[in-house]
Amino acid sequence: MKSAVDLGIFESLSDGPMSAALIAKKQALQLEGTKLIADSLVGMNLLDRADLNGHARSREAVYELNMTSQTYLISESPLFMGMYLKQHDELDKMWRGLRETIRTGTPVMAVNEDAKAQDIFPHLAEAIMPLNYCIAADVVKYLKDRSHSAKNPQDLKTAGSGHDDEANSLTSALSNKNAFNNKRALNILDLAAGSAVWSIPFAQDNRDNHIAALDFPAVLAVTRKITERFDVANQYTEVPGNWRNIKLSPGLYDVVILGHILHSEGLEMSKKLLAYCAAALKDGGTLVIAEFMPNQERTAPLYPLMFGLNMYLATANGCVFSFDEITSLCHAAGFRDVYRHQGVEYDSPVVFATK
Numbered sequence: 002m003k004s005a006v007d008l009g010i011f012e013s014l015s016d017g018p019m020s021a022a023l024i025a026k027k028q029a030l031q032l033e034g035t036k037l038i039a040d041s042l043v044g045m046n047l048l049d050r051a052d053l054n055g056h057a058r059s060r061e062a063v064y065e066l067n068m069t070s071q072t073y074l075i076s077e078s079p080l081f082m083g084m085y086l087k088q089h090d091e092l093d094k095m096w097r098g099l100r101e102t103i104r105t106g107t108p109v110m111a112v113n114e115d116a117k118a119q120d121i122f123p124h125l126a127e128a129i130m131p132l133n134y135c136i137a138a139d140v141v142k143y144l145k146d147r148s149h150s151a152k153n154p155q156d157l158k159t160a161g162s163g164h165d166d167e168a169n170s171l172t173s174a175l176s177n178k179n180a181f182n183n184k185r186a187l188n189i190l191d192l193a194a195g196s197a198v199w200s201i202p203f204a205q206d207n208r209d210n211h212i213a214a215l216d217f218p219a220v221l222a223v224t225r226k227i228t229e230r231f232d233v234a235n236q237y238t239e240v241p242g243n244w245r246n247i248k249l250s251p252g253l254y255d256v257v258i259l260g261h262i263l264h265s266e267g268l269e270m271s272k273k274l275l276a277y278c279a280a281a282l283k284d285g286g287t288l289v290i291a292e293f294m295p296n297q298e299r300t301a302p303l304y305p306l307m308f309g310l311n312m313y314l315a316t317a318n319g320c321v322f323s324f325d326e327i328t329s330l331c332h333a334a335g336f337r338d339v340y341r342h343q344g345v346e347y348d349s350p351v352v353f354a355t356k
């Protein structure tokens, strides 16, 4: 896929369906290799065969973009994954140090240290943005649906035993205090905002919603770029710096977002971060946590387990948390109800906590 992006295969087809010969001519490629990679992309469901879609069959294969490639593999798309694919080269270099890191306990790098973070995170934030936008948009829809109905709390996986009193508590929180239960504008904190991917759908949902984007100055330049691309930049205020050094007004926000932050902080700092978020939220406010969560036994799913290794390589104290562990941490920080998105199985599940 990365080679196809680099070779301009997808960009060629943005002008319309064409044969391998035309693609090869347009990009100055060798014909046989162009045919082989185009056929492979069809097999990967990244291209379609236009000549097979109609009743009349062409004498040669004609390739065209499909919804996936139009959305993620064309440079003009706001969700273009080109930077993410390039980032894989850096990940490959880091993973080559796995054996030495396990022998010594010294990470290849410490991306959450201020100097390193300002160097790495601007590129990383923009690179991973396309991976999370659809999930983030679903988060907004999910919260609105739940707060508007609040009829079936048993559908939400709450912390604890699941007894009726806990379900009733959640119903009360959703129907009476949750900020999504009315149409008023929301005050939102996107903590370690990065590309702002987790807060942009909130901005799009209500043009009166206001988002404070907290991150390192170098990263906020990316925040600005992406929010301008989505035409929501005027709803954002920048809060430059490290959250550890920034004092927020208590009870100011309806929503606080932690989009893939806890795993780089480690256990002890995550405790402090969750308490920091609780203090910043209004009573009844919602904390949104996106993480890669293994099961409690650390036997599955594979991706979060591998991501735990990734954090071992890239941070001094980073780790992954199970849902039960996040639940316990949230309760200790002062949150009442903790539940997760139940409708869709994502590689990166989303957890919600109510203050």
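Under this note's numbering, the letters of the sequence shown match residues 2 to 356, in that order. Yeah, the Cβ is synthetic: ideal placement off N, Cα and C, and Gly gets one too. Remember, it's a predicted structure, so these values are computed and weren't measured experimentally.
So the beta strand (DSSP E) residue i belongs to, where does it begin and stop?
{"i": "N235", "result": "Counting along the chain, N235 falls outside any beta strand (DSSP E), and DSSP gives it neither H nor E."}
{"i": "F353", "result": "351-355"}
{"i": "L48", "result": "48-50"}
Run through the DSSP bridge pairs and tell me what residue i is partnered with.
{"i": "M19", "result": "Y64"}
{"i": "N188", "result": "H211"}
{"i": "G260", "result": "A291"}
{"i": "P251", "result": "Partner(s): none; P251 has no beta bridge."}
{"i": "N339", "result": "Reading off the sequence shown, one finds Val at residue 339, where the question assumed Asn. DSSP lists A354 as partners of V339."}
{"i": "L282", "result": "Y254"}
{"i": "D216", "result": "P241"}
Could you check if residue i is buried or exposed, using at least 16 other CB atoms within 10 Å of its CB as the buried criterion?
{"i": "E292", "result": "buried"}
{"i": "E266", "result": "buried"}
{"i": "A39", "result": "buried"}
{"i": "G252", "result": "exposed"}
{"i": "P131", "result": "buried"}
{"i": "I262", "result": "buried"}
{"i": "G163", "result": "In this prediction, G163 has a pLDDT of 36, which is less than 50 and means its spatial position is unreliable; nothing more can be read from the coordinates."}
{"i": "H89", "result": "exposed"}
{"i": "S13", "result": "buried"}
{"i": "Q297", "result": "exposed"}
{"i": "N179", "result": "In this predicted model, N179 has a pLDDT of only 48, less than 50, meaning its place in the structure is not dependable enough to derive any value."}
{"i": "Q31", "result": "exposed"}
{"i": "E127", "result": "buried"}
{"i": "S76", "result": "exposed"}
{"i": "Q28", "result": "exposed"}
{"i": "I247", "result": "exposed"}
{"i": "S250", "result": "exposed"}
{"i": "D146", "result": "exposed"}
{"i": "S70", "result": "buried"}
{"i": "T123", "result": "The identity of residue 123 in the sequence shown is Pro, whereas the question assumes Thr. Buried, because 16 or more other Cβ atoms sit within 10 Å of the Cβ of P123."}
Any idea what DSSP makes of residue i, helix, strand or coil?
{"i": "V140", "result": "helix"}
{"i": "D348", "result": "coil"}
{"i": "T172", "result": "Its pLDDT being 36, under 50, T172 is placed unreliably by the model, and the measurement read from it follows with that caveat. Three-state DSSP puts T172 in a helix."}
{"i": "R100", "result": "helix"}
{"i": "P241", "result": "strand"}
{"i": "G195", "result": "coil"}
{"i": "P202", "result": "helix"}
{"i": "N54", "result": "coil"}
{"i": "P79", "result": "coil"}
{"i": "L74", "result": "coil"}
{"i": "S13", "result": "helix"}
{"i": "Q155", "result": "Its pLDDT being 49, under 50, Q155 is placed unreliably by the model, and nothing is read from it."}
{"i": "A111", "result": "coil"}
{"i": "A29", "result": "coil"}
{"i": "E298", "result": "coil"}
{"i": "C135", "result": "helix"}
{"i": "N318", "result": "coil"}
{"i": "G267", "result": "helix"}
In the DSSP assignment, find the unbroken alpha helix (DSSP H) run with residue i in it and report its ends.
{"i": "V6", "result": "3-8"}
{"i": "V43", "result": "32-44"}
{"i": "G309", "result": "303-315"}
{"i": "T328", "result": "324-334"}
For residue i and chain B, any beta-carbon pair shorter than 7 Å?
{"i": "I247", "result": "Absent from the structure is chain B; it holds one protein chain and no more."}
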